[in-house]
Amino acid sequence: MSAIIGVMPLYDSEKESIWMLPNYLQLIEKNGGIPLIVPLTNKQETLDYFLETCDGFLFTGGQDVSPMLYGEETHANCGEVCLLRDEMETYCFQRALALDKPVLGICRGIQLFNVVLGGTLYQDLPSEFSSSVNHQMTRPYHRKQHEVTLASESLLFKILAKEQLSVNSYHHQGIKTLSPKLKIAATSQDGLIEAVYLPTKRIQSIGDGVVVTDDDGHITNMNCVAENLTGWTREGVYGKEFSEIFVLRSEKTGQLIESPIKQV
């Protein structure tokens, strides 16, 4: 059965309406998931239903995280905030962690994660963070803007099997003080933190191939090196037990992997 992914809503203050960028939903579907937009509400009974129903959550971009959440006065260059969204997403993030549901944050999403876990933010990068890197690119947004370096111990590095990436960039806030519970996954040339992770998920590795499993040992992802080693695609092994990839390898090619298994 496909994983149901709860998607945090975007909010238009002028229209007083929630909305959504189609790419968020389309990419979840493209990767085998079922997107489900969570309503903008602080009613815990409603949110608890989605927290129990969904298999994972995507925390999207949008308004600035209110500086009140990390004990600061609002600066003149801080952007629009949505206190209801802050309240809702703080609750959903904390409950998702307690329920051991996977979460992914994009832009505002990782900034919220950092704040909820005790970190702080630059309220406005142009006025608070001196850099030659432009983090607020102009259209078209799909082009490459700057390089990021991946931390070798991060899941992102293990999945992509590369040290540097060219990325687009459009954010005026950023992580200032990193939460003690988070680790850095990627930084830009100017030292700004661009990606973070919670070092609590188990990663099982075969040589340079990496297979990611849930707490029950079922495969949830694998990198391209693991695909080449096993002869199977990540879609083909999704939900299977880690030990099965040896059997699958034998069935498809008649050759077993001899590399030792290690858990990091």
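If you read the sequence shown in my numbering, its first letter stands for residue 1, the second for the next number, and so on. Glycine included, every Cβ here is placed at the ideal spot set by N, Cα and C. Nothing here was measured: the structure is a model prediction, and the numbers come from that model.
Taking just the CA atoms, how far does E163 sit from H135? Cα-Cα distance, rounded: 20 Å.
To the nearest angstrom, how far is the alpha carbon of H75 from that of S127? The alpha-carbon atoms of H75 and S127 are separated by roughly 10 Å.
Does D86 come out as helix, strand or coil in the three-state DSSP assignment? The answer is helix: DSSP assigns D86 an H, G or I state.
Start and end residues, alpha helix (DSSP H) containing L155: Unbroken alpha helix (DSSP H) run through L155: 155-160.
For S188, is the classification buried or exposed, using 16 other Cβ atoms within 10 angstroms of its Cβ as the cut-off for buried? In the assembly as shown, S188 is a buried residue. Its beta-carbon has 16 or more other beta-carbons within 10 Å.
Which of helix, strand or coil DSSP assigns to S127: Three-state DSSP puts S127 in a helix.
Tell me the DSSP secondary structure of I203 in three-state form. Note that I203 scores 45 on pLDDT, short of 50, meaning its location in the model is unreliable and no value can be drawn from it.
Coarse secondary structure for P22, derived from DSSP in three states: It is helical.
Decide yes or no for the touch test of the segment 78-85 against the segment 133-149: beta carbon pairs closer than 8 Å, at least 3 of them. In this structure the segment 78-85 does not touch the segment 133-149; the number of beta carbon pairs closer than 8 Å is below three.
Looking at the secondary structure, which residues open and close the alpha helix (DSSP H) in which D64 lies? Taken as a continuous stretch (DSSP letters only), D64 belongs to no alpha helix (DSSP H), as it is neither H nor E.
Counting pairs of Cβ atoms below 8 Å between the segment 100-112 and the segment 151-166, do you hit three or more? The way I'd put it, the segment 100-112 doesn't touch the segment 151-166; fewer than three beta-carbon pairs between them come closer than 8 Å.
Using 8 Å as the Cβ pair cut-off and three pairs as the minimum, do the segment 11-23 and the segment 43-53 touch? The segment 43-53 and the segment 11-23 do not touch, with fewer than three beta-carbon pairs separated by less than 8 Å.
In the segment 134-183, which residue ranges form an unbroken beta strand (DSSP E) of at least 3 residues, counting only runs that do not cross its ends? Segments of the beta strand (DSSP E) lying fully in the segment 134-183: 146-150, 164-167, 174-177.
In the structure shown, what three-state DSSP assignment does Y91 receive? Reduced to three states, the DSSP call for Y91 is helix.
Which residue from S66, I5, L155, P9 puts its Cα closest to that of T41? T41 has its Cα closest to that of P9, out of S66, I5, L155, P9.
Span separating the alpha-carbon of K183 from that of L156: The alpha-carbon of K183 is positioned some 12 Å away from that of L156.
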